[in-house]
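Undergrad: My questions all concern the structure below.
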Amino acid sequence: MSQQQNLAPLFPSRLPNVGTTVFTVMSALATEHQAINLGQGFPDFPCDPNLITSVTEAMLANHNQYPPMVGISELRAGISQKINNLYQHHYDPDTEVTITAGGTQGILTAILACVSPGDEVVIIEPAYDSYRPSIELAGGKVIAVSLQAVRDDHGQVSSYEIPWDALKNAINSKTRLLMINSPHNPTGMVWNRADLDRLALLVKDTSTLILSDEVYEHMVYDGARHHSVASHPDLAARSFLISSFGKTYHVTGWKVGYVAAPAALTKEFRKVHQFNVFTVNTPMQYGLASYLADKTHYLNLPQFYQAKRDFFRAGLANTGFKLLPTPGTYFQCVDYSKLNTPQAKLNEADFCQWLTKEIGVAAIPVSAFYEKATESGVIRFCFAKQEKTLATALERLQQI
Ligand code: GLN
Numbered sequence: 003m004s005q006q007q008n009l010a011p012l013f014p015s016r017l018p019n020v021g022t023t024v025f026t027v028m029s030a031l032a033t034e035h036q037a038i039n040l041g042q043g044f045p046d047f048p049c050d051p052n053l054i055t056s057v058t059e060a061m062l063a064n065h066n067q068y069p070p071m072v073g074i075s076e077l078r079a080g081i082s083q084k085i086n087n088l089y090q091h092h093y094d095p096d097t098e099v100t101i102t103a104g105g106t107q108g109i110l111t112a113i114l115a116c117v118s119p120g121d122e123v124v125i126i127e128p129a130y131d132s133y134r135p136s137i138e139l140a141g142g143k144v145i146a147v148s149l150q151a152v153r154d155d156h157g158q159v160s161s162y163e164i165p166w167d168a169l170k171n172a173i174n175s176k177t178r179l180l181m182i183n184s185p186h187n188p189t190g191m192v193w194n195r196a197d198l199d200r201l202a203l204l205v206k207d208t209s210t211l212i213l214s215d216e217v218y219e220h221m222v223y224d225g226a227r228h229h230s231v232a233s234h235p236d237l238a239a240r241s242f243l244i245s246s247f248g249k250t251y252h253v254t255g256w257k258v259g260y261v262a263a264p265a266a267l268t269k270e271f272r273k274v275h276q277f278n279v280f281t282v283n284t285p286m287q288y289g290l291a292s293y294l295a296d297k298t299h300y301l302n303l304p305q306f307y308q309a310k311r312d313f314f315r316a317g318l319a320n321t322g323f324k325l326l327p328t329p330g331t332y333f334q335c336v337d338y339s340k341l342n343t344p345q346a347k348l349n350e351a352d353f354c355q356w357l358t359k360e361i362g363v364a365a366i367p368v369s370a371f372y373e374k375a376t377e378s379g380v381i382r383f384c385f386a387k388q389e390k391t392l393a394t395a396l397e398r399l400q401q402i
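Quick note: to get our numbering, add 2 to the position in the sequence shown (first position is 1).
Take a look at the structure:
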């Protein structure tokens with residue numbers, strides 16, 4: 003065995019600083035210690051059985067061969083219609099909408115399609131962990147700016163603000179792409195209309211494209227609405243809009259998402275897409291297409307998740323954690339640095355290990371969303387769980 007391994011020629015790693023993603027690591031640790039997994043973001047409840055019926059019917063109707071490279075026309079038309087209804091922007095389903103194997107593939111493909119070696123790409127940290135390696139695989143240079151943590155009188159994080167000055171300084175003639183994410187994973191922060199206006203001004207007269215990761219678009223709470231780049235004509239004209247069915251329909255394992263972008267961007271996107279995955283599984287596309295016309299599901303989603311958020315927050319209020327605001331996503335961040343336990347001094351990764359092994363609840367360290375060790379004493383819980391799962395987790399968390 004080891005002899006055979008030695009026969010493989012050595013080669014320089016394309017991603018020397020990358021290990022296994024924190025989501026996989028924490029899910030494995032949760033399983034090993036029978037902890038409640040509030041780490042990796044996925045629902046523990048089933049999707050609508052009608053959606054499964056639609057997919058099954060598609061398989062029985064023999065929709066089992068390759069679909070068109072860009073995705074089936076019914077699904078692209080449905081997406082175009084939906085975006086038009088929600089954000090009043092028309093994407094041509096034939097030339098501007100492409101079905102992807104989830105949001106992450108859409109992001110990597112968009113980056114590979116437009117970033118050339120030496121180009122700069124601006125990201126805002128904490129940033130989803132796939133962004134940086136995707137840019138590096140394209141040979142791009144990551145320019146990271148940080149969300150500004152606003153702290154209260156006790157030094158605890160109370161909210162985050164977009165670092166406009168740092169963004170302004172980061173953008174220059176080499177900036178090919180600026181990546182944004184609202185609602186934001188992991189902080190839950192959401193961009194408002196004024197933010198989009200300000201962003202449009204910032205990139206006006208530059209050659210910077212925008213990649214807007216909006217996979218949590220239907221999880222915005224307290225009566226607020228999601229502000230998509232599609233709703234802003236100046237931004238839509240230079241943006242790759244990424245979204246995902248996994249988050250919206252409780253089917254993260256299906257790995258189906260889409261990218262909407264102006265025809266010129268989509269043309270380049272599809273050149274990479276066809277050699278990246280070629281296309282995405284057929285029956286799921288038919289199932290989702292027949293389901294998409296029903297607006298009730300996604301229109302009710304904010305209410306559905308807000309109830310879970312409020313239940314979880316109410317339970318956490320009895321613990322020593324300081325709760326950060328959660329205007330969007332299905333993530334709740336908490337500050338543990340003032341807990342009355344020696345573990346409050348641990349770094350975020352070690353704290354999450356301890357919480358998983360000793361308290362029986364897995365979480366994600368927010369430091370995993372930064373390149374350089376950035377410790378703010380904040381961890382992320384996922385509340386996309388059945389009430390009984392959340393209740394058991396809360397019971398365990400009461401002891402700290
Ligand atoms: N997006 C999910 C999260 O933030 C994880 C997806 C994954 O495991 N790659 O938890």
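Each residue gets a CB set at the ideal place from its N, CA and C atoms; glycine is no exception.
Find the nearest neighbour of R134 within the set A151, M286, T106, judged by alpha-carbon distance.
TA: Along the sequence shown, read from residue 1 onward, the residue named residue 134 stands at position 132. Among A151, M286, T106, the Cα nearest to that of R134 belongs to T106.
Undergrad: Would you grab the beta carbon distance between Y218 and T331 for me? Rounded to a whole angstrom, and I think it's under 8 Å.
TA: In the sequence shown, the residue the question calls residue 218 occupies position 216. In the sequence shown, the residue the question calls residue 331 occupies position 329. Correct: roughly 4 Å between the Cβ atoms.
Undergrad: Considering only the beta carbon of each residue, do L326 and T208 sit closer than 8 Å?
TA: Within the sequence shown, the letter at position 324 stands for residue 326. Within the sequence shown, the letter at position 206 stands for residue 208. It is not a contact, given that the beta carbons lie outside the stated cut-off.
Undergrad: I'd like the ranges of any alpha helix (DSSP H) spanning at least 4 consecutive residues and lying wholly in the region 9-83.
TA: Entirely contained in the region 9-83, the alpha helix (DSSP H) runs reaching 4 residues are, in chain order, 24-34, 51-62.
Undergrad: Can you name the residues that DSSP bridges to P231?
TA: In the sequence shown, the residue the question calls residue 231 occupies position 229. According to the sequence displayed, residue 231 carries Val and not Pro. DSSP output for V231 lists no bridge partner at all.
Undergrad: Counting along the chain, where does the alpha helix (DSSP H) carrying Q287 start and finish?
TA: Indexing the sequence shown from 1 puts residue 287 at position 285. Counting along the chain, the alpha helix (DSSP H) containing Q287 begins and ends at 284-294.
Undergrad: Which residues in the same chain have their Cβ closer than 6 Å to the Cβ of S184, if we skip the five residues on either side of it in sequence?
TA: As a working mapping, residue 184 is identified with position 182 in the sequence shown. Answer for S184: V192, W193, listed in chain order.
Undergrad: Quick check: the Cα distance between F385 and P11, rounded to an integer number of angstroms?
TA: To locate residue 385, count along the sequence shown from 1; it is residue 383. To locate residue 11, count along the sequence shown from 1; it is residue 9. Rounded to whole angstroms, F385 to P11 spans 45 Å at the Cα level.
Undergrad: Under 8 Å, do L399 and F313 count as touching if we go by C-beta distance?
TA: What you label residue 399 is simply residue 397 of the sequence shown in a count that begins at 1. What you label residue 313 is simply residue 311 of the sequence shown in a count that begins at 1. Result no, Cβ atoms of L399 and F313 do not sit closer than 8 Å.
Undergrad: Pick out whichever of L243, Y223, L357, K347 has its Cα sitting closest to the Cα of Q305.
TA: Counted from its first residue, the sequence shown places residue 305 at position 303. Measuring from the Cα of Q305, the nearest candidate turns out to be Y223.
Undergrad: Count Cβ pairs between the region 138-148 and the region 111-123 that sit closer than 8 Å; are there 3 or more?
TA: Counting Cβ pairs under 8 Å, three or more are found: they touch.
Undergrad: Just to confirm, are L198 and V123 a CB contact at a threshold of 8 Å?
TA: The residue given as residue 198 occupies position 196 in the sequence shown. The residue given as residue 123 occupies position 121 in the sequence shown. No, they are not a contact pair.
Undergrad: Apart from the five residues on each side of it in sequence, which residues of its chain come closer than 6 Å, Cβ to Cβ, to H92?
TA: Residue numbering aside, residue 92 sits at position 90 when the sequence shown is read from its first letter. Excluding positions up to five away in sequence, the list reads N86.
Undergrad: Between which two residues does the alpha helix (DSSP H) carrying L243 extend?
TA: Here residue 243 corresponds to residue number 241 of the sequence shown, with the count starting at 1. Element bounds for L243: not the alpha helix (DSSP H) but the beta strand (DSSP E), 241-246.
Undergrad: Taking 7 Å as the cut-off, is the C-beta of F247 nearer than that to any heavy atom in the ligand GLN?
TA: Counting from one through the sequence shown, the residue named residue 247 turns up at place 245. For the ligand GLN, not one heavy atom lies less than 7 Å from the Cβ of F247.
Undergrad: DSSP on Q308, reduced to helix/strand/coil?
TA: As a working mapping, residue 308 is identified with position 306 in the sequence shown. Correct three-state label for Q308: helix.
Undergrad: Please report the Cβ distance between D352 and Q158, rounded to the nearest whole angstrom; I am assuming they are in contact, meaning their Cβ atoms lie under 8 Å.
TA: Position 350 of the sequence shown, counting from 1, holds the residue named residue 352. Position 156 of the sequence shown, counting from 1, holds the residue named residue 158. About 20 Å; that fails the 8 Å criterion.
Undergrad: For N187, which of E377, Q401, N64, P367 has the nearest alpha-carbon?
TA: Locating residue 187 in the sequence shown gives position 185, where the first residue counts as 1. When each option's Cα is compared against that of N187, the closest is P367.
Undergrad: What residues come near the ligand GLN, if near means a beta carbon less than 6 Å from any of its heavy atoms?
TA: Selection output, chain order preserved: T23, F25, Q42, G43, N187.
Undergrad: Where A346 and V380 are concerned, what is the direct C-alpha to C-alpha distance, given to the nearest angstrom?
TA: Stepping through the sequence shown from its first residue, residue 346 is reached at position 344. Stepping through the sequence shown from its first residue, residue 380 is reached at position 378. If you take the alpha carbons of A346 and V380, they lie about 10 Å apart.
Undergrad: Return the chain-ordered ranges of every alpha helix (DSSP H) run that is complete within the region 331-366 and spans a minimum of 4 residues.
TA: Here the runs fully enclosed are 350-356.
Undergrad: What residue range does the alpha helix (DSSP H) around S136 cover?
TA: Position 134 of the sequence shown holds residue 136. Element bounds for S136: 133-139.
Undergrad: Near I173, which residues of its chain fall below 8 Å by C-beta distance, leaving aside the five closest residues on each side in sequence?
TA: Stepping through the sequence shown from its first residue, residue 173 is reached at position 171. Excluding positions up to five away in sequence, the list reads V124, L180, L204, V205, T208, T210.
Undergrad: Could you tell me whether the region 69-82 touches the region 279-298, where touching means 3 or more Cβ pairs closer than 8 Å?
TA: They touch, by the three-pair rule.
Undergrad: Quick one: Cα of T281 to Cα of M71, how far?
TA: As a working mapping, residue 281 is identified with position 279 in the sequence shown. As a working mapping, residue 71 is identified with position 69 in the sequence shown. C-alpha separation (whole angstroms): 5 Å.
Undergrad: What are the complete beta strand (DSSP E) segments, minimum 3 residues, inside the region 140-190?
TA: With a minimum length of 3 residues, the continuous beta strand (DSSP E) runs that stay inside the region 140-190 are 143-148, 150-153, 159-163, 177-183.
Undergrad: Does any C-beta atom of chain B lie closer than 8 Å to the C-beta of A238?
TA: No chain B is part of this structure, which consists of one protein chain only.
Undergrad: Would you call P235 buried or exposed, if buried means 16 or more other Cβ atoms sit within 10 Å of its Cβ?
TA: For the purposes of this step, residue 235 is taken as the residue at position 233 of the sequence shown. Exposed, by the Cβ-count rule.
Undergrad: Helix, strand or coil for Y89, going by three-state DSSP, please let me know.
TA: Residue mapping note: residue 89 aligns to position 87 of the sequence shown, counting from 1. Helix, per DSSP.
Undergrad: Hey, would you say A37 sits closer than 8 Å to A370, going by beta carbons?
TA: Stepping through the sequence shown from its first residue, residue 37 is reached at position 35. Stepping through the sequence shown from its first residue, residue 370 is reached at position 368. Not closer than 8 Å, so no.
Undergrad: Taking the C-alpha atoms as reference points, what is the distance between I101 and L348?
TA: Position 99 of the sequence shown holds residue 101. Position 346 of the sequence shown holds residue 348. Cα-Cα distance, rounded: 42 Å.
Undergrad: First and last residue of the alpha helix (DSSP H) that includes I109?
TA: Within the sequence shown, numbered from 1, the residue matching residue 109 stands at position 107. First-last of the alpha helix (DSSP H) with I109: 104-116.
Undergrad: With 16 as the cutoff for other CB atoms within 10 Å, does H156 come out buried or exposed?
TA: Position 154 of the sequence shown, counted from the first residue, corresponds to residue 156. It counts as exposed.
Undergrad: Measuring straight from C-alpha to C-alpha, what distance separates A265 and L294?
TA: Indexing the sequence shown from 1 puts residue 265 at position 263. Indexing the sequence shown from 1 puts residue 294 at position 292. When rounded, the distance between both Cα atoms is 23 Å.
Undergrad: Between which two residues does the beta strand (DSSP E) carrying D215 extend?
TA: If you number the sequence shown from 1, residue 215 lands on position 213. First-last of the beta strand (DSSP E) with D215: 211-215.
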